[in-house]
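**Q**
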Amino acid sequence: MSELAFEKSLKASRAFEIMLADIKKGLGHAYRIVCADSDLADSFCLLVAANAFCPNGGCLECVECRKVLHKTHADVLHFNLERTDIKKDDVLELISTVNMRGLSGRKIYVIHRADLMNATSQNKFLKTLEEPPENVTFLLQVENELGLLETVRSRCSAIFIDRVDEKEIYEELLNMGKDEHIAAVAAACSDGMPGKALAIAESQDYIAYYDAAASLLCRLNKSSDVVELSPAVQAMKDPNVFLDVLSIIVRDALVFKHDPNNTIAKALNADIGALSEKFSDRALAEILTQINAVRKKTSLNVNLQASIDNLLFCMLEVKHKWQ
Ligand SMILES: [Zn+2]
Numbered sequence: 001m002s003e004l005a006f007e008k009s010l011k012a013s014r015a016f017e018i019m020l021a022d023i024k025k026g027l028g029h030a031y032r033i034v035c036a037d038s039d040l041a042d043s044f045c046l047l048v049a050a051n052a053f054c055p056n057g058g059c060l061e062c063v064e065c066r067k068v069l070h071k072t073h074a075d076v077l078h079f080n081l082e083r084t085d086i087k088k089d090d091v092l093e094l095i096s097t098v099n100m101r102g103l104s105g106r107k108i109y110v111i112h113r114a115d116l117m118n119a120t121s122q123n124k125f126l127k128t129l130e131e132p133p134e135n136v137t138f139l140l141q142v143e144n145e146l147g148l149l150e151t152v153r154s155r156c157s158a159i160f161i162d163r164v165d166e167k168e169i170y171e172e173l174l175n176m177g178k179d180e181h182i183a184a185v186a187a188a189c190s191d192g193m194p195g196k197a198l199a200i201a202e203s204q205d206y207i208a209y210y211d212a213a214a215s216l217l218c219r220l221n222k223s224s225d226v227v228e229l230s231p232a233v234q235a236m237k238d239p240n241v242f243l244d245v246l247s248i249i250v251r252d253a254l255v256f257k258h259d260p261n262n263t264i265a266k267a268l269n270a271d272i273g274a275l276s277e278k279f280s281d282r283a284l285a286e287i288l289t290q291i292n293a294v295r296k297k298t299s300l301n302v303n304l305q306a307s308i309d310n311l312l313f314c315m316l317e318v319k320h321k322w323q
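Per the working numbering, residue 1 is the first one in the sequence shown, and the count goes up by one each step.
1. Would you say S190 lies against chain B (beta-carbon separation less than 9 Å)?
2. Tell me whether G58 counts as near ligand 1, meaning its Cβ is closer than 8 Å to at least one heavy atom of that ligand.
3. Taking the alpha-carbon positions, what's the F125 to E134 distance?
4. Determine, using beta carbons only, whether F6 and V164 come nearer to each other than 9 Å.
5. Are V34 and F138 closer than 9 Å when you measure CB to CB?
6. Considering only residues of the same chain and omitting the five flanking positions on each side of D75, which have a CB-CB separation below 8 Å?
7. Tell me which residues share the same chain as K11 and place their Cβ nearer than 8 Å to its Cβ, disregarding the 5 neighbours each side in the sequence.
8. In three-state terms, what does DSSP make of S104?
9. Taking buried to mean at least 16 other C-beta atoms within 10 Å of its own C-beta, is V318 buried or exposed?
10. Tell me whether E64, by its Cβ, gets closer than 8 Å to a heavy atom of ligand 1.
11. For T137, report the span of its beta strand (DSSP E) as first-last.
12. Measuring alpha carbon to alpha carbon, tell me which residue in W322, R155, L288 and A184 is nearest P132.
13. Keeping to the same chain, check which residues put their C-beta closer than 8 Å to that of M236; ignore five residues upstream and five downstream.
14. When the Cα atoms are used, what is the spatial distance from D244 to H112?
15. Please report how far the alpha carbon of N175 lies from the alpha carbon of L94, in whole angstroms.
16. Would the stretch 302-320 and the stretch 280-291 be scored as touching if the rule is three or more Cβ pairs under 8 Å?
17. The alpha helix (DSSP H) that contains S230, what's its start and end?
18. Measuring straight from C-alpha to C-alpha, what distance separates F16 and Q323?
19. Hey, how far is the Cα of V91 from the Cα of I248?
20. Using CA coordinates, which residue listed in E145, A119, L69 and P231 is at the minimum distance from D37?
21. Relative to the alpha-carbon of E3, which residue among N303, A50 and R295 has its alpha-carbon at the smallest distance?
22. Would you say the beta carbon of E93 comes nearer than 8 Å to a heavy atom of ligand 2?
So, in structure tokens, the structure goes:
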């Protein structure tokens, strides 16, 4: 298995195709790598750097590639690995190294979460972006494009990395040795973001929320069930995460009804298959709307107990109304 997470989907992406063509004809000075998931963007930048330095066309196995993957390559410089705010002094420090010649004669700077650079820093950085030394390439990882000043944006070629198909995330997590149930839950709740999927797969709390939400939906049959189940939901450490998970399960049950061969839904079969039999399409769709309404309300700090009770009663009513 490759050391690089999501290698397969990244290599198949349009973004990589563009970068590979540029490596062949000579990398540009600056790119903004726009991606909702910083872990995925990070893998992408490592893949690009490995291809730029590898004597075998990006094998990911030779000494050069390994150094890039381990972030120890002398000419692949990482900046703001902690993904925190970037201040003026940090940028001045970066700029001071730009003119130093690299060992190989070429340097790649990976700037993590460049969108967290404050405006003063961006203005400081602008001159370097305008007149970078030869053979220096900046890869600016950006989650939110609005975080960059227009002047900075316009000096970087845009490379967009799409979200990953949930099925690929599921398979990659299995490759990493994750348990089937955990991989399926993490992929289903990932929004197509591998970094989020990994975090979920490593969080026992999240998996417990998922199992609790699936069990609640299965057990909800009569009014006395609401009285019994509601306190458990209210007692949860983070009821908002629980509601998020609940909405994902209802969405997947709805998907499963129309696409029973969907791989992830299949892996979640015990939960999702049972649910899609217990609830009609119409009931699932209405429940989804109600959960989303409560999610909005709980973020406004309304009475949690009343909201959860109310939600469970509404779900029960809808379930029986639309059999
Ligand atoms: Zn190599």
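For every residue, glycine included, the Cβ atom is placed at its ideal position computed from N, Cα and C.
Small disclaimer: the values here were computed from a predicted structure and weren't measured.
**A** This is what the structure holds:
1. In the displayed structure, chain B is absent; only one protein chain is listed.
2. yes
3. 16 Å
4. yes
5. no
6. Around D75: F53, G102, L103, S104, R106, K107 and I108.
7. L47
8. coil
9. buried
10. yes
11. V136 to V142
12. R155
13. Y209, A212 and F242
14. 28 Å
15. 37 Å
16. yes
17. S223 to Q234
18. Their Cα atoms are separated by approximately 48 Å.
19. C-alpha separation (whole angstroms): 41 Å.
20. E145
21. A50
22. You won't find ligand 2 in this model; what it holds is ligand 1.
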